[in-house]
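Residue numbers (this note's numbering): 18 to 500.
Data first, discussion second: the structure below is written as structure tokens.
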RNA sequence: GGGCCCUUCGUCUAUCGGUUAGGACGCCAGAUUUUCAAUCUGGAAAGACGGGUUCGACUCCCGUAGGGCCCA
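Laid out in structure tokens, this is it:
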């Protein structure tokens, strides 16, 4: 263990797709651990699979991490570029007799597997070139370099999350380090890179737990002390199976586009497999202070959108209004909507305190704000149209009269005025508020009508009421005003 | 098939041998109310199963079942 060294962790995705939710959580845990210890959080792009690695995926991963607010230290390391260094380490092991050339052909390997299978043994390389002289090598065959793994005893991983995990060494065969074309294998590259990057703690999904044993052996053979391992359980879909496309496993940018706030996502992901007593709302600063590997659970957690929604609603309500306006503008821009002019942006800002109270996502926020973006004459939805009976329109005409001389145009003053009108008229507030809502928003659901009136402003508000009040034709469900 | 890991309300979790098994999301009911929310109050809801160890197990051990990961 390198307890004397500054904490250095890494996130090492393969750029074969977007930053999915499991990767995002792994990155978050690494980031929190680094920030907690005032250490470094590095990025390594494991792009050795040339066929599947893409520039687009690399960009998506960077973008996803930036969106989540997980800033990394130093320039990212690209693994493929370090292949020569990896080969050098394999050759060093070869020179020291800790690795050997293996000339077994693909057919031989296949034969080994089928025989093992037939005999009910686990399919493993049988070590046939382990102690054989290279002079026996068949001509014309480029050898691979295999690791001379210990055959007796056991390898114990003292995992920070899983506790001690023991592997019998005879279960682990002599893995390939360098392929016959001279390219390093994943197992070699990871160990060399983690060592060269001075990684002190490897926090990754527990799908790598078995790899840890072989990697630990490699560390020892190379004369390096292994880092501390922390294998965190994978995230599962709602049905308990591994999270996959089938569950709609999406990239970080998809969650952004669905209207989630990065701080809500961080809070949600943190609580998947990690807890601090009964605390649920844990802002990032607090998370950094509290985070520890010991508190990570060992059982896989299921991804649950309902809880994310709840957290997101909380963070939206807490968010600064100006920021939310900017978020809505960004969302609309991504969707291809024209930018908001000054007046609309101002209306949106005025409505924001009320709007943000009633939504779970930014997409819902945008929808809740649609009354602001509507252009007169409003398109009424069927329920709103049904509310606007001739009688209701008559009421609206009188409300218009009451409001047009209002000295002040703010929610409190408008409410007082309308309540006076309602009281004098002997009606319930609802009998006036609902038609008013239909006229102002074109829907039966909106923020409180006084907030709506205030946000719309005097001219637009009165005009919308007037549009409906002066309408002569019957307003059947199909008679809503059309553009 | 082999190795390894996991198992508390529907979901995320607290509990680190002694609790009426707590909280959150979701759900149901009520309060509030101009709609929808928000908020408040109340409610239903859990230790997979079987053995041990112990005065006492959700908690420790073994087994079974179920799920997952890796290898092929």
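Heads up, the beta-carbon is just placed ideally off N, CA and C, and yes, glycines get one too.
Predicted model only: the values in this text are computed from it and were never measured.
{"Item": "What separation, rounded to the nearest whole angstrom, lies between the Cα atoms of residue 66 and residue 370?", "Value": "50 angstroms"}
{"Item": "Looking at the ligand SAM, does it come within less than 7 angstroms of residue 130, judged from the CB to the closest heavy atom?", "Value": "Although the ligand SAM was asked about, the structure shown includes no ligands whatsoever."}
{"Item": "With distances taken Cα to Cα, identify the nearest neighbour of residue 122 among 145, 187, 466, 296.", "Value": "145"}
{"Item": "Relative to the C-alpha of residue 304, which residue among 26, 285, 118 is closest?", "Value": "285"}
{"Item": "On the CB-based measure, 16 or more other CB atoms within 10 Å of its CB, does residue 458 come out buried or exposed?", "Value": "buried"}
{"Item": "Looking at residue 127 and residue 206, is the spacing between their C-beta atoms short of 8 angstroms?", "Value": "no"}
{"Item": "Taking the continuous beta strand (DSSP E) assigned at residue 117, which residues delimit it?", "Value": "116-119"}
{"Item": "Between the alpha carbons of residue 143 and residue 241, how many angstroms are there, rounded?", "Value": "27 angstroms"}
{"Item": "Take residue 471 as the anchor and find which of 439, 460, 429, 332 has the nearest alpha-carbon.", "Value": "429"}
{"Item": "Are the stretch 417-429 and the stretch 460-475 in contact at 8 angstroms, needing three or more beta carbon pairs?", "Value": "yes"}
{"Item": "Looking only at its own chain, which residues have a Cβ that is under 6 angstroms from the Cβ of residue 486, when we skip the five neighbours before and after it?", "Value": "410, 413, 414, 417"}
{"Item": "Taking the beta strand (DSSP E) that residue 317 belongs to, which residues open and close that run?", "Value": "Counting along the chain, residue 317 falls outside any beta strand (DSSP E), and DSSP gives it neither H nor E."}
{"Item": "Just checking my contact of residue 45 with residue 287 at CB under 8 angstroms: how many whole Å lie between their CB atoms?", "Value": "7 angstroms"}
{"Item": "Could you tell me which of 69, 440, 117 sits nearest to residue 163, measuring between CA atoms?", "Value": "117"}
{"Item": "Using the Cα positions of residue 391 and residue 273, report the straight-line distance between them to the nearest angstrom.", "Value": "25 angstroms"}
{"Item": "What ranges does the alpha helix (DSSP H) occupy inside the stretch 409-467, keeping only unbroken runs of at least 4 residues that lie completely in it?", "Value": "428-442, 446-458"}
{"Item": "Could you check where the alpha helix (DSSP H) with residue 15 kicks off and where it finishes?", "Value": "Given that the chain is displayed from residue 18 to residue 500, the structure contains no residue 15 and the question cannot be resolved."}
{"Item": "May I have the straight-line CA-CA distance separating residue 52 from residue 91, to the nearest angstrom?", "Value": "14 angstroms"}
{"Item": "For residue 222, which residues does DSSP report across the bridge?", "Value": "249"}
{"Item": "What are the boundary residues of the alpha helix (DSSP H) that residue 486 is part of?", "Value": "475-486"}
{"Item": "In chain order, what residues of the same chain lie with their CB nearer than 8 angstroms to the CB of residue 132, ignoring the 5 residues before and after it?", "Value": "none"}
{"Item": "Hey, how far is the Cα of residue 80 from the Cα of residue 171?", "Value": "42 angstroms"}
{"Item": "Please name the residue or residues paired with residue 259 in a DSSP beta bridge.", "Value": "253"}
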